[in-house]
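Asker: For reference, each letter of the sequence shown is one residue, going 20 to 196 in my numbering. Note that CB positions come from ideal geometry on N, CA and C, so glycine has one too. Quick one: this structure, given as structure tokens, is what I'll be asking you about.
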Amino acid sequence: MYFVDDGWVSVEPPQGVEGLHVRVKLTESGRYKITDLFLHGGEIEPEQFRGISISRLEAQINALSAADRATLDSWAQGGTDHAADEELTLPALRKRTRHAQRGRQRLMEKLQRPTGQDPDRFYKQVAAAYADQAAVTRSPAKALAEEAGVPVTTVHRWVREARRRGFLPAGEKGKAG
């Protein structure tokens with residue numbers, strides 16, 4: 020995921036699509052909602068478009084760690100007037116695609132039980148893994164539990180603690196992320 024100070028977030032696109040970019044708005048509840056979407060590539064097929072889940076993208080964006088949300092939050096505090104649509108160019112969005120793909124390709128450590136030596140590092144890892152899973156599944160906690168070999172209730176506890184420490188935003192009932 021790659022984002023800059025204009026409210027546009029570039030995410031890894033579906034298979035066969037060159038780029039996927041969404042513009043977000045901060046709601047009163049403190050969560051981001053998608054307001055615009057730009058998809059580009061050679062020939063876009065219906066299956067590729069159906070592979071885009073707005074709710075999963077919103078969950079991924081809302082599950083960003085506090086540090087990663089700083090750029091987006093600072094933009095949102097200033098409103099959208101300073102990022103007029105006429106300033107945005109399609110070539111500029113296309114260039115961001117490379118950054119989005121590189122961010123997703125970075126190696127993430129496999130989530131494992133905490134050792135207790137560096138709790139902040141562990142809960143940051145939980146937040147990153149949760150955000151990553153929220154983008155691809157409706158049940159990120161279940162996927163993380165399977166990966167780590169722990170009960171889902173344990174992952175729920177880890178996520179709750181990651182939220183308490185500010186590494187994940189407050190959850191929304193019934194929604195992943």
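Can you find the residues in the same chain that come closer than 6 Å, C-beta to C-beta, to Q67, ignoring five residues on each side of it along the sequence?
Answerer: Position 48 of the sequence shown, counting from 1, holds the residue named residue 67. If we look at Q67 and ignore the five residues flanking it on each side, its Cβ neighbours are P33, G35 and V36.
Asker: Check whether the Cβ of R157 sits closer than 8 Å to any heavy atom of the ligand ZN, and report yes or no.
Answerer: Only the bare structure without any ligand can be found here, which leaves the ligand ZN out of the picture.
Asker: Excluding the 5 residues preceding and the 5 following R184 in the sequence, name in chain order all residues of the same chain whose CB lies nearer than 6 Å to its CB.
Answerer: Taking the sequence shown and counting its residues from 1, one reaches residue 184 at position 165. Residues Y142 of the same chain have their beta carbon placed closer than 6 Å to that of R184, with the five preceding and five following residues left out of the count.
Asker: Leaving out the 5 sequence neighbours to the left and right, which residues in its chain are closer than 7 Å to F213 when beta-carbon positions are compared?
Answerer: There is no way to answer for residue 213, as the model of the chain reaches only from 20 to 196.
Asker: So who's on the other strand from F57, going by DSSP bridges?
Answerer: Here residue 57 refers to the residue found at position 38 when the sequence shown is read from its first residue. In the DSSP output, where bridge partners are listed per residue, F57 has H40.
Asker: Would you mind stating whether L187 and A150 have Cβ atoms separated by less than 9 Å?
Answerer: Position 168 of the sequence shown holds residue 187. Position 131 of the sequence shown holds residue 150. Yes, they are a contact pair.
Asker: Going by the beta-carbon positions, is the gap between V43 and I80 smaller than 9 Å?
Answerer: Taking the first residue of the sequence shown as position 1, residue 43 is located at position 24. Taking the first residue of the sequence shown as position 1, residue 80 is located at position 61. Their beta carbons are under 9 Å apart, which means V43 touches I80 by this criterion.
Asker: Start and end of the alpha helix (DSSP H) containing S74?
Answerer: To locate residue 74, count along the sequence shown from 1; it is residue 55. Where S74 is concerned, the enclosing alpha helix (DSSP H) stretches over I73 to N81.
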